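Asker:
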Amino acid sequence: MSYSAIDLPWLREAPADFAVRCRTAGESPDAAGRELQFLANFRLSSRQAAQLARAVRRCQEEHGDLNPLSPFRMGVLSGATADLLLDDLVAAAARHGVALEIVAAPFDQVVQQAFDPASLINTAKLDAVLIAVDHRWLKLDRPMLGEHSGAAVAQGVEQLKQVVEALRKHGRTPAILQTVPVPSLPLFGSFDRRVRGSMRAMIDEANRAIGLLAEEAGGFLLDVAALAEQVGTDGWFDPVQWAAYKLPFSANCTPIYADHLGRLLGAIRGKTRKCLVLDLDNTVWGGVVGDDGVAGLFLSQGDPRGEAFIAVQRSALELRERGIILAVCSKNDEAVARTPFREHPEMLLKEEHFAAFQANWIDKPSNLEAIAKALNIGLDALVLLDDNPAERAQVRAALPEVAVPELPNDPTWFAWYLRAAGYFEAVAFSAEDRLRVASYAADAQRSAVMTKARDLGEYLASLDMKIVFAPFDAKGRQRIAQLINKTNQFNLTTRRYTEGEVAEMEAAPSLFTMQVRLSDKFGDLGMIGIVICRSRPQDPSTWEIDSWLMSCRVLGRKVEDAMLAKVVSEARKRGIKRLLGLYIPSPKNSMVASHYEKLGFHLRNRDARDRSEWELAVADYAPPALPMIGEDHYPADSNGSSELPVMESAEDARAG
Amino acid sequence: MTRQEILATIRDILADILDNESLQLTESSTAEQVQDWDSINQVKLLIGLENELNFRFSASEVEGLKNVGALIDLVQRKLLAQT
Numbered sequence: 032m033s034y035s036a037i038d039l040p041w042l043r044e045a046p047a048d049f050a051v052r053c054r055t056a057g058e059s060p061d062a063a064g065r066e067l068q069f070l071a072n073f074r075l076s077s078r079q080a081a082q083l084a085r086a087v088r089r090c091q092e093e094h095g096d097l098n099p100l101s102p103f104r105m106g107v108l109s110g111a112t113a114d115l116l117l118d119d120l121v122a123a124a125a126r127h128g129v130a131l132e133i134v135a136a137p138f139d140q141v142v143q144q145a146f147d148p149a150s151l152i153n154t155a156k157l158d159a160v161l162i163a164v165d166h167r168w169l170k171l172d173r174p175m176l177g178e179h180s181g182a183a184v185a186q187g188v189e190q191l192k193q194v195v196e197a198l199r200k201h202g203r204t205p206a207i208l209q210t211v212p213v214p215s216l217p218l219f220g221s222f223d224r225r226v227r228g229s230m231r232a233m234i235d236e237a238n239r240a241i242g243l244l245a246e247e248a249g250g251f252l253l254d255v256a257a258l259a260e261q262v263g264t265d266g267w268f269d270p271v272q273w274a275a276y277k278l279p280f281s282a283n284c285t286p287i288y289a290d291h292l293g294r295l296l297g298a299i300r301g302k303t304r305k306c307l308v309l310d311l312d313n314t315v316w317g318g319v320v321g322d323d324g325v326a327g328l329f330l331s332q333g334d335p336r337g338e339a340f341i342a343v344q345r346s347a348l349e350l351r352e353r354g355i356i357l358a359v360c361s362k363n364d365e366a367v368a369r370t371p372f373r374e375h376p377e378m379l380l381k382e383e384h385f386a387a388f389q390a391n392w393i394d395k396p397s398n399l400e401a402i403a404k405a406l407n408i409g410l411d412a413l414v415l416l417d418d419n420p421a422e423r424a425q426v427r428a429a430l431p432e433v434a435v436p437e438l439p440n441d442p443t444w445f446a447w448y449l450r451a452a453g454y455f456e457a458v459a460f461s462a463e464d465r466l467r468v469a470s471y472a473a474d475a476q477r478s479a480v481m482t483k484a485r486d487l488g489e490y491l492a493s494l495d496m497k498i499v500f501a502p503f504d505a506k507g508r509q510r511i512a513q514l515i516n517k518t519n520q521f522n523l524t525t526r527r528y529t530e531g532e533v534a535e536m537e538a539a540p541s542l543f544t545m546q547v548r549l550s551d552k553f554g555d556l557g558m559i560g561i562v563i564c565r566s567r568p569q570d571p572s573t574w575e576i577d578s579w580l581m582s583c584r585v586l587g588r589k590v591e592d593a594m595l596a597k598v599v600s601e602a603r604k605r606g607i608k609r610l611l612g613l614y615i616p617s618p619k620n621s622m623v624a625s626h627y628e629k630l631g632f633h634l635r636n637r638d639a640r641d642r643s644e645w646e647l648a649v650a651d652y653a654p655p656a657l658p659m660i661g662e663d664h665y666p667a668d669s670n671g672s673s674e675l676p677v678m679e680s681a682e683d684a685r686a687g
Numbered sequence: 004m005t006r007q008e009i010l011a012t013i014r015d016i017l018a019d020i021l022d023n024e025s026l027q028l029t030e031s032s033t034a035e036q037v038q039d040w041d042s043i044n045q046v047k048l049l050i051g052l053e054n055e056l057n058f059r060f061s062a063s064e065v066e067g068l069k070n071v072g073a074l075i076d077l078v079q080r081k082l083l084a085q086t
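Sequence lines, in order, name chains A and B.
For the first sequence, the positions run 32 to 687 when the numbering used here is used.
For the second sequence, the positions run 4 to 86 when the numbering used here is used.
#1: Under 8 Å between the Cβ atoms of LEU151/A and VAL211/A?
#2: Name the residue from VAL499/A, THR573/A and GLU591/A whose alpha carbon lies nearest to the alpha carbon of GLN546/A.
#3: Pop quiz: MET105/A and ALA159/A are said to be a contact at Cβ under 8 Å. What is the actual Cβ separation, rounded to whole angstroms?
#4: Leaving out the 5 sequence neighbours to the left and right, which residues in its chain are closer than 7 Å to SER346/A when beta-carbon positions are compared?
#5: Note the first and the last residue of the continuous beta strand (DSSP E) segment covering PHE388/A.
#6: Using a cut-off of 9 Å between C-beta atoms, extract the partners of VAL271/A located in chain B.
#7: Would GLY337/A and CYS583/A qualify as a contact pair, given that the criterion is a beta-carbon distance under 8 Å?
#8: Would you kindly report the start and end of the unbroken alpha helix (DSSP H) that includes SER180/A?
#9: Between the C-alpha atoms of TRP645/A and ALA366/A, what's the straight-line distance to the nearest angstrom?
#10: For a quick check, are the C-beta atoms of LEU74/B and LEU82/B less than 8 Å apart?
#11: Among ASP312/A, PHE385/A and LEU410/A, whose alpha-carbon lies nearest the alpha-carbon of SER397/A?
#12: What is the DSSP secondary structure of ASP592/A, counted as helix, strand or coil?
#13: Could you check whether the Cβ of ARG167/A sits closer than 8 Å to any Cβ belonging to chain B?
#14: Which same chain residues end up closer than 6 Å to SER109/A when comparing Cβ atoms and leaving out the 5 residues on each side of it in sequence?
#15: Taking beta-carbon pairs under 7 Å, can you tell me which members of the segment 25 to 53 of chain B lie near chain A?
#16: Comparing alpha-carbon positions, which option in LEU117/A, GLU132/A and ALA125/A lies nearest GLU92/A?
#17: Buried or exposed: GLN272/A, going by 16 or more other Cβ atoms within 10 Å of its Cβ?
#18: Who are the near neighbours of ARG59/B in its chain, counting only those whose CB is closer than 8 Å to its CB and skipping five residues on each side?
#19: Establish whether the CB of LEU115/A and some CB of chain B are separated by less than 8 Å.
#20: I'd like the ranges of any alpha helix (DSSP H) spanning at least 4 consecutive residues and lying wholly in the segment 516 to 567 of chain A.
#21: Which residues, taken in chain order from the segment 11 to 23 of chain B, show a beta carbon closer than 9 Å to some beta carbon of chain A?
#22: Could you check what DSSP says for PRO655/A in three-state terms: helix, strand or coil?
#23: Kindly identify the DSSP beta-bridge partner or partners of PHE103/A.
#24: Does GLN476/A come out as helix, strand or coil in the three-state DSSP assignment?
#25: Rounded to a whole number of angstroms, what is the C-alpha to C-alpha distance between LEU292/A and LEU83/A?
#26: What's the C-alpha gap between ASN153/A and ALA459/A?
#27: Cα separation between SER617/A and TRP444/A?
#28: Just verifying my parser: in three-state terms, what is the DSSP assignment at MET678/A?
#29: Is the Cβ of GLN476/A closer than 8 Å to any Cβ of chain B?
#30: Does any C-beta atom of chain B lie closer than 8 Å to the C-beta of ALA274/A?
#31: Out of LEU42/A, VAL87/A, PRO46/A and ALA81/A, which has the shortest C-alpha to C-alpha gap to GLU58/A?
#32: What would DSSP say about HIS633/A, mapped onto helix, strand or coil?
#33: Whose CA, out of LEU75/A, MET230/A, ASP48/A and MET594/A, lies closest to the CA of THR285/A?
#34: Residues of chain B with a CB under 7 Å from the CB of ARG54/A: which are they?
#35: Any beta carbon of chain B sitting closer than 8 Å to that of ARG85/A?
#36: Cutting at 6 Å between CB atoms, please list the residues of its own chain near ARG126/A, excluding the five before and the five after it.
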């Protein structure tokens, strides 16, 4: 992962068929706008931006209306070569909900175009004109150590002002002004800041005046100086590309510049996102509250792991202060998920900061739909911050309108990714904005909106999951013991065993043991499940399931179905006729109360303390279709074949 | 890289820029002979070559290239200087 805005690392790599999809976009006119916006939501090379820009132009010509993209006609006046930016601007605008049409004036014709009422720009009926000029056009490209530096700044800004006024007068067009980055050409060094006529001092002064001018003239401001500062001015300016091609800044910076302008156009058209939806475990705090408990979470200042999550919380709160609604969407028991907000002393976020709190075991797309509905905003107003790549992929596939930034493995960068991606660009800020969040009745007791799970078949098949079964062994011993002692939620009996006891199980003839690993196209999830079965001394053809536990990370992926299919097939090999499952309630494992029922077991009895016993006849069991391929490390049966046929391949599942 | 390979690389990048998959290019081709090969697309080509082959042209090198053959000469020199 990259930690530089120049790479737009919050976006995904474009798919292999990107060029083809650009060519075919718009074949069905109603879907054109959505398709283009989908394609724009990748990290694009200049070549891909050109392909997408062609598709946008073609669709504009053929269909006109590209709903849900809002049309925007923008003129471009530049003191340098702007032609290389245009494709990237069109692509980035589509990313931010805008179907951009550009009318570009010839090279270095800023004044001529503005003052001539019959010019291209003044007659093009534009929504805005971008005035892309820098220190060179403003004649602030060399130090002025005499007393004229103030006059030079005033003169440069005055010329810009006249251009802005002329555009208003002749074309009735508001301007998009740019601030000016300071080239890193130190004259005195640190002392430059204190010398009135240094380039740094003059440009700083000019930038303040340009900000005021944008406000007075009813225009907009693109803070290029801030962007160049973020990127680093040594990487922003490219002396060769300026000398040879008159590029105002390095071609490497074109995608991020275009994205920033796209955000601004999106904000002008009201496309700014309104609501930040937060995952909880390993996003808002470090650890899994259901397994680690409130005391086991990483959430302290001074602890490097905790600082990361404090930063995410602070970022969310700062956004809320400026009017962004906050919501929770987490796979958790609701009561468990709320505990840290109530009990952890270092939580900055409190329940009352959230306008919606969805913590349940239903898929996230269904929950996000419920949040949008409850808040009466569109799905295109949501941003989801989630550390889990599989959840992100599921949401993107089901709800492409929701913005879902990529995140690196290191949570210390989460806050930067969220803020650098620019989902909440604004062109105004009022007192009402701040009050709005309060109007979303931030009721800490508000119960979650009821949601219904959706069919996940296709999504699961697309994960390319591979599940690996093996008996307990020395290699897995440590992790097996860790899972047995740490897993609280998906744990049917919550029986704990030491590493020594686990080692003894490896060779015990009366036991059937199983460790389960899962990987998918996003990576290896490692060991995620354990089963221990015991033969009954009084009834050797029955297995009692002593322990069955699973990591909550793999919920909703049919892993438990695959595990049962494997247990049954091994039981058959060993002449076992019957499985007995036990559920022992604990304060944390209510989510598996109906585990055996869902898998087709029959209830045998339930005692006063709600312990229940369940039975499955091996002969009656038929394995379901599974969205994964299996691999097995058990000894081959008498035929010498290591059987796998219970597993359907992911391919078959998709076809089915 | 052989001259043939460099020519093929130039052709592919330019074909993409001009959106002309069937573009034909020889060492003696000049910008005037190829439709839409204007100064802007020339800049895109040069930057595309830099990114593809991982070197940077100097400002003086990119001036006065009279045909594709001259560009191939330059690219060969740049690649040689890298090794």
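Where a beta carbon is used, it is the ideal one built from N, C-alpha and C, also for glycine.
These numbers come from a predicted model, not from an experiment.
Answerer: So, to answer that:
#1: Result no, Cβ atoms of LEU151/A and VAL211/A do not sit closer than 8 Å.
#2: Comparing Cα positions, the closest option is VAL499/A.
#3: Yes, they are in contact, since the Cβ atoms of MET105/A and ALA159/A sit about 5 Å apart, within 8 Å.
#4: Same-chain partners within the cutoff: ALA446, LEU449 and ARG450.
#5: Here the beta strand (DSSP E) through PHE388/A covers 385 to 391.
#6: Chain-order list of chain B residues neighbouring VAL271/A: ARG59, PHE60, SER61, ALA62 and VAL65, by C-beta distance under 9 Å.
#7: Cβ atoms of GLY337/A and CYS583/A: not closer than 8 Å.
#8: Where SER180/A is concerned, the enclosing alpha helix (DSSP H) stretches over 180 to 202.
#9: Distance between the alpha carbons of TRP645/A and ALA366/A: 27 Å.
#10: Contact: no.
#11: The shortest Cα separation from SER397/A among ASP312/A, PHE385/A and LEU410/A belongs to LEU410/A.
#12: Correct three-state label for ASP592/A: helix.
#13: Taking Cβ atoms only, chain B never reaches closer than 8 Å to ARG167/A, which makes this a no.
#14: Answer for SER109/A: ALA163, listed in chain order.
#15: Shown in chain order are the members of the segment 25 to 53 of chain B whose Cβ falls below 7 Å from a Cβ of chain A: ILE43, VAL46, LYS47 and ILE50.
#16: For GLU92/A, the closest C-alpha among the options LEU117/A, GLU132/A and ALA125/A is that of GLU132/A.
#17: With a threshold of 16 other beta carbon atoms within 10 Å, GLN272/A meets it and is buried.
#18: Exclusion of the five residues before and after ARG59/B leaves GLU53 as the residues of its chain whose Cβ lies within less than 8 Å of its Cβ.
#19: It does; some Cβ of chain B falls within 8 Å.
#20: Qualifying alpha helix (DSSP H) stretches, in chain order: 530 to 536.
#21: When C-beta distances to chain A are compared with 9 Å, the residues of the segment 11 to 23 of chain B below that value are ILE16, ASP19, ILE20 and ASP22, in chain order.
#22: In this structure, PRO655/A counts as coil in the three-state DSSP scheme.
#23: DSSP output for PHE103/A lists LEU131/A as bridge partner(s).
#24: Any reading at GLN476/A is ruled out, since the residue's pLDDT is 40, under 50, leaving its predicted position unreliable.
#25: Those two C-alpha atoms are separated by around 17 Å.
#26: Each residue's Cα considered, the two are about 26 Å apart.
#27: About 36 Å.
#28: Legend: pLDDT at MET678/A = 44, less than 50; position of this residue unreliable, no value from coordinates given.
#29: For GLN476/A, the predicted model reports a pLDDT of 40, less than 50, meaning its position is unreliable; a value from the coordinates is still stated below. Under the Cβ criterion of 8 Å, GLN476/A is not counted among the residues facing chain B.
#30: Residue contact check for ALA274/A against chain B: a CB pair falls below 8 Å.
#31: Selection LEU42/A, VAL87/A, PRO46/A and ALA81/A evaluated against GLU58/A yields VAL87/A as nearest (Cα-Cα).
#32: Strand at HIS633/A.
#33: The residue among LEU75/A, MET230/A, ASP48/A and MET594/A with its C-alpha nearest the C-alpha of THR285/A is LEU75/A.
#34: The contacting residues do not exist; ARG54/A stays about 10 Å from chain B at best.
#35: Put simply, the CB of ARG85/A is near chain B, with a gap under 8 Å to one of its CB atoms.
#36: Residues ALA71, ASN72 and GLY293 of the same chain have their beta carbon placed closer than 6 Å to that of ARG126/A, with the five preceding and five following residues left out of the count.
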